[in-house]
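Trainee: Structure incoming, see below.
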Amino acid sequence: MKSLQDPVSTIRGVGPKTAEALTTLGIQTVEDLLTYFPSRYDDFAPTDLETAKDKQKVTIHGTIVSEPVMSRFGYRRTRLGFRVMVGHAVVQVVYFNQPYLKKQAVMDQDVTIMGTWNASRQEIQGTKLLTNQQDQEMGAIYPANKHVHQATLRKLIKIAYHNYANVIATLLPISLRQRYQLLDRRTMIHDMHFPKDGSAARAARRTAAYEEFFLFQLRLQSIRRANRQKDGNQILYNNQELRDFIKTIPFELTGAQKRVVNEICRDLRQPYQMNRLLQGDVGSGKTIVAAIAINAVVIAGYQAALMAPTEILAAQHAQKLAKVFVGTHVNIGLLTGSMNTRQKRQMLKGIKDGSINLIIGTHALIQEQVDYANLGLAIIDEQHRFGVNQRQQLRMKGVHPDVLAMTATPIPRTLAITSYGEMDVSIIDELPAGRQPIKTTWLKSNQADQALQFLKGQLAQGAQVYVVSPLIEQSETLDVQNATDLYQEFVEYFAPQYQVGLLHGRMDNEQKEQVMQDFQDNKIQVMVATTVIEVGVDNPNATVMLIYDADRFGLAQLHQLRGRVGRGQQQSYCLLIADPKTEDGVKRMQTMVETNDGFVVAQRDLELRGSGDVLGNKQSGVPDFKVGDPVADLKMLQIARSDAANLINTPHWDLRDENQPLVYYLTRHELTTHFD
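Per the UniProt record's numbering, numbering through the sequence shown is continuous, rising by one, with the last residue being 676.
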């Protein structure tokens with residue numbers, strides 16, 4: 001019996017080599033092939049040549065009525081000419097430097113010609129020659145690569161549709177299709193690949209976009225519901241003990257921090273699993289909120305785990321939290337991939353017997369050999385660097401531990417409902433008292449001397465500064481500053497009065513930690529670095545950030561870098577040196593100068609770059625939608641989310657006949673957990 005899950009090799013014409021090539025496009029099953037949709041269409045609607053203007057792009061359908069003549073001229077140049085009957089008129093067509101078309105241009109052959117109209121010569125200079133397109137006004141153009149050509153995709157999709165059309169089941173319930181006037185799945189797939197006209201293509205795209213938004217949201221809502229139904233650890237901490245700990249914090253929590261602490265503590269006491277995303281701009285005080293949650297968990301007799309994306313950030317968390325938890329029952333252990341075997345064995349023993357009750361580390365925390373005694377809370381820092389799968393994997397490390405994910409990369413609502421739709425969201429939208437907005441200035445490279453003079457003045461007042469470069473060493477292809485050369489220049493410029501340090505990703509952890517500690521202790525006044533300092537580095541005395549070739553960075557990255565200063569009470573500054581060559585580059589610089597608000601920055605970044613890039617790569621958890629665009633189709637996305645939530649919360653929805661294709665879909669598309 002045929003199934004859309006059949007391997008693509010079952011299709012006639014797909015041998016082992018072609019099957020392997022198709023995997024480079026993510027095509028492994030027949031369904032993958034049928035849902036590999038065009039990125040655009042060639043419009044084959046015929047042009048009325050009587051009204052066509054000179055140099056206008058035109059299309060004609062007709063029959064070749066003269067023997068094609070090939071002539072050669074110049075150095076390896078060719079001209080192919082023939083006449084085509086269009087209705088009752090005959091049109092001359094010429095192709096330059098496409099000699100291979102002579103095999104297709106056969107007398108009496110029905111053809112579609114696309115090209116440019118030459119009004120004075122009354123002829124078409126052809127660019128494309130297609131056969132068998134007479135019944136279609138639209139031609140699908142697929143995102144191909146060097147392994148798989150357009151023609152191969154068109155041929156295989158046609159064969160697959162012909163052979164499997166009868167087993168294409170409609171996934172969307174009829175009630176939703178009627179409400180939004182959507183196509184059934186078979187018609188949608190047909191019209192995505194073989195639309196008769198633009199109207200058919202648009203209707204198919206609308207259905208395809210809604211379907212993928214709805215199915216993705218259904219999966220997220222299914223996870224959300226399942227997590228809510230899991231018996232979590234009801235963390236009944238001693239309230240007075242937690243209040244006493246909060247009183248030891250040497251500053252007053254902001255209103256936003258208090259609100260978020262209440263939301264988290266309320267979740268901890270519930271019998272179901274917490275699944276919360278904590279968003280806060282750089283420097284908004286997420287770490288202290290996490291510390292309060294950790295202490296609540298430890299007071300109740302559980303362990304907490306804090307997972308950071310890099311070893312340097314994990315080590316900083318351990319150092320910072322050690323000071324916060326002085327005099328408490330919190331015993332911190334740092335677990336990283338670079339530990340030696342003896343250290344690791346000792347650490348794993350402490351985690352297993354429960355003597356270590358706060359475990360901080362990288363994704364080493366979710367490796368198989370890590371066995372927790374009683375994990376009650378899992379915290380994921382810099383959440384945008386981990387996807388849905390990684391969140392699920394950490395959840396599985398305890399008996400349904402509560403999960404708190406934190407990010408300093410503000411996420412526009414558009415992406416929050418796609419990437420984090422299975423989570424509740426808390427936002428710290430208030431900076432600690434006394435913080436002054438960072439003053440940002442954009443300078444051209446010929447004004448770099450002004451920046452150095454400004455640095456000198458700030459250093460004389462006792463400030464410390466960061467200098468950031470996009471590269472570690474000189475590049476042969478890119479004309480940009482690099483950290484190694486800048487370091488040498490700054491040593492010459494500022495020595496011996498000020499100490500200059502160098503920090504980049506190729507240094508070993510011990511070197512990095514030493515440099516950062518020296519900067520923290522003010523033994524280094526000027527820190528030249530790459531984006532290794534993008535997250536987590538915290539030195540309240542650093543008040544100037546100078547970024548060379550700032551147009552080489554994305555907006556979110558620039559905002560993160562800027563967030564390394566402005567952490568104390570003094571006025572801080574960010575200087576951007578850039579000569580952007582694109583309009584987007586100019587807009588990035590203007591946005592940085594105009595606003596300090598991370599949520600505004602994130603929204604502009606989304607508008608400039610699109611959803612796929614804003615949170616990074618595949619690890620980010622942002623779905624790679626085939627048709628829908630979360631920015632352009634935001635309203636549809638919100639509707640699909642609401643529809644998915646309504647369905648999943650309907651009692652016994654999964655027992656109704658019309659929903660069985662969706663139930664089958666969910667069992668086949670359970671979120672697997674893996675690390676690349």
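Where a beta carbon is used, it is the ideal one built from N, C-alpha and C, also for glycine.
Do Val468 and Ala209 come within 8 Å of each other at the CB atom, strictly closer than that value?
Mentor: Contact: no.
Trainee: Between the stretch 490 to 510 and the stretch 593 to 606, do three or more beta carbon pairs fall short of 8 Å?
Mentor: Result no; under three Cβ-Cβ pairs closer than 8 Å.
Trainee: Provide the residue span of the alpha helix (DSSP H) that contains Tyr493, from first to last.
Mentor: 483 to 494 is the span of the alpha helix (DSSP H), which, as asked, contains Tyr493.
Trainee: Is Ile174 helix, strand or coil when you go by DSSP?
Mentor: Helix at Ile174.
Trainee: Leaving out five residues before and five after Gln458 in sequence, what residues of the same chain have Cβ atoms less than 7 Å from its Cβ?
Mentor: Excluding sequence neighbours, Gln458 sits near Val465, Thr543, Val544.
Trainee: Is it right to say Asp191 is buried, meaning 16 or more other beta carbons lie within 10 angstroms of its own, or is it exposed?
Mentor: Its Cβ being crowded by 16 or more others within 10 Å, Asp191 is buried.
Trainee: So, is Leu478 buried or exposed, given that buried needs 16 or more other C-beta atoms within 10 angstroms?
Mentor: Reliability fails at Leu478, whose pLDDT of 42 lies under 50, so the model's placement of it is uncertain and the value that follows must be treated cautiously. Leu478 should be labelled exposed.
Trainee: Could I get the ranges of all uninterrupted beta strand (DSSP E) runs contained in the stretch 126 to 159, with 3 residues as the minimum, in chain order?
Mentor: Counting only runs of 3 or more, we get 138 to 141.
Trainee: Any contact of the stretch 442 to 459 with the stretch 571 to 581, i.e. 3+ C-beta pairs under 8 Å?
Mentor: Because the criterion of three Cβ pairs below 8 Å is met, the stretch 442 to 459 and the stretch 571 to 581 touch.
Trainee: Name the two residues that bound the continuous beta strand (DSSP E) containing His61.
Mentor: Segment 57 to 64, the beta strand (DSSP E) holding His61.
Trainee: Identify the continuous alpha helix (DSSP H) that holds Met347 and give its terminal residues.
Mentor: Its alpha helix (DSSP H) spans residues 341 to 353.
Trainee: Should the stretch 135 to 151 be regarded as contacting the stretch 159 to 173, the criterion being three or more beta carbon pairs within less than 8 Å?
Mentor: The stretch 135 to 151 vs the stretch 159 to 173: no contact.
Trainee: Name the two residues that bound the continuous beta strand (DSSP E) containing Gln303.
Mentor: That run of the beta strand (DSSP E) goes 303 to 307.
Trainee: Looking at the unbroken alpha helix (DSSP H) that takes in residue 682, where does it start and where does it end?
Mentor: Residue 682 falls outside the range modelled here, since the chain spans only 1 to 676, and no answer is possible.
Trainee: Can you give the Cα-Cα distance for Thr248 and Ile299, rounded to whole angstroms?
Mentor: Between Thr248 and Ile299, the C-alpha separation is close to 16 Å.
Trainee: Starting from the N-terminal side, write out each stretch of the alpha helix (DSSP H) that is 4 residues or longer and does not extend beyond the stretch 424 to 473.
Mentor: Counting whole runs of 4 or more residues, the stretch 424 to 473 contains the alpha helix (DSSP H) stretches 448 to 460.
Trainee: I need the DSSP call for Ser620, collapsed to helix, strand or coil.
Mentor: Its pLDDT being 43, under 50, Ser620 is placed unreliably by the model, and nothing is read from it.
Trainee: Under the assumption that Ala119 contacts Leu80 (Cβ atoms under 8 Å), give the Cβ distance between them as a whole number of angstroms.
Mentor: Actually they are not in contact, since the Cβ atoms of Ala119 and Leu80 sit about 21 Å apart, beyond 8 Å.
Trainee: What separation, rounded to the nearest whole angstrom, lies between the Cα atoms of Pro99 and Gln638?
Mentor: Cα-Cα distance, rounded: 52 Å.
Trainee: Would you mind stating whether Ile351 and Val370 have Cβ atoms separated by less than 8 Å?
Mentor: Yes; because the gap between Cβ atoms is below 8 Å, this pair is in contact.
Trainee: What is the rounded straight-line gap between the Cα of Val565 and the Cα of Ile533?
Mentor: The straight-line gap from Cα to Cα measures roughly 11 Å.
Trainee: Using CA atoms only, rank isn't needed, just tell me which of Leu220, Cys265, Gln109 is closest to Leu236.
Mentor: For the residues Leu220, Cys265, Gln109, the minimum Cα distance to Leu236 belongs to Cys265.
Trainee: Is Val260 helix, strand or coil when you go by DSSP?
Mentor: Correct three-state label for Val260: helix.
Trainee: Given a threshold of 16 other Cβ atoms within 10 Å of its Cβ, counted over all protein chains shown, does residue 678 qualify as buried or as exposed?
Mentor: No statement about residue 678 is possible, as the shown extent of the chain runs from 1 to 676 and does not include it.
Trainee: Going by beta-carbon coordinates alone, are Val528 and Leu502 separated by less than 8 Å?
Mentor: Cβ distance < 8 Å, so Val528 and Leu502 count as in contact.
Trainee: I want to know whether the stretch 585 to 601 touches the stretch 2 to 12 - three or more CB-CB distances under 8 Å.
Mentor: Touching, no.
Trainee: List in chain order: all unbroken beta strand (DSSP E) runs of 3+ residues lying wholly within the stretch 547 to 624.
Mentor: List check, beta strand (DSSP E) in window: 573 to 577.
Trainee: Tyr36 bridges to which residues according to DSSP?
Mentor: Looking at the DSSP assignment, Tyr36 forms no beta bridge with any residue, so it has no partner.
Trainee: Measuring only the C-alpha atoms, how far is Asp110 from Leu129?
Mentor: Approximately 10 Å, taken between the alpha carbons.
Trainee: So Val33 and Ile157 are in contact, right, with Cβ under 8 Å, and what is the actual spacing, rounded?
Mentor: According to the sequence shown, residue 33 is Leu rather than Val. Confirmed, about 6 Å.
Trainee: With 16 as the cutoff for other CB atoms within 10 Å, does Leu182 come out buried or exposed?
Mentor: Per the 10 Å Cβ criterion, buried.
Trainee: Around the Cβ of Pro437, are there at least 16 other Cβ atoms within 10 angstroms (buried) or fewer (exposed)?
Mentor: Counting Cβ neighbours within 10 Å, Pro437 comes out exposed, since fewer than 16 surround it.
Trainee: For Leu278 versus Lys286, is the C-beta distance shorter than 8 Å?
Mentor: In contact: Leu278 and Lys286 (Cβ atoms closer than 8 Å).
Trainee: With hydrogens ignored, establish whether the beta-carbon of Leu334 is closer than 7 Å to any heavy atom of the ligand GTP.
Mentor: The model depicted lacks the ligand GTP and carries no ligand whatsoever.
Trainee: Rank Tyr75, Pro68, Trp117 by C-alpha distance to the C-alpha of Leu101 and give the top, closest one.
Mentor: Of the candidates Tyr75, Pro68, Trp117, the one whose C-alpha sits nearest the C-alpha of Leu101 is Pro68.
Trainee: Around the Cβ of Tyr420, are there at least 16 other Cβ atoms within 10 angstroms (buried) or fewer (exposed)?
Mentor: Tyr420 should be labelled buried.
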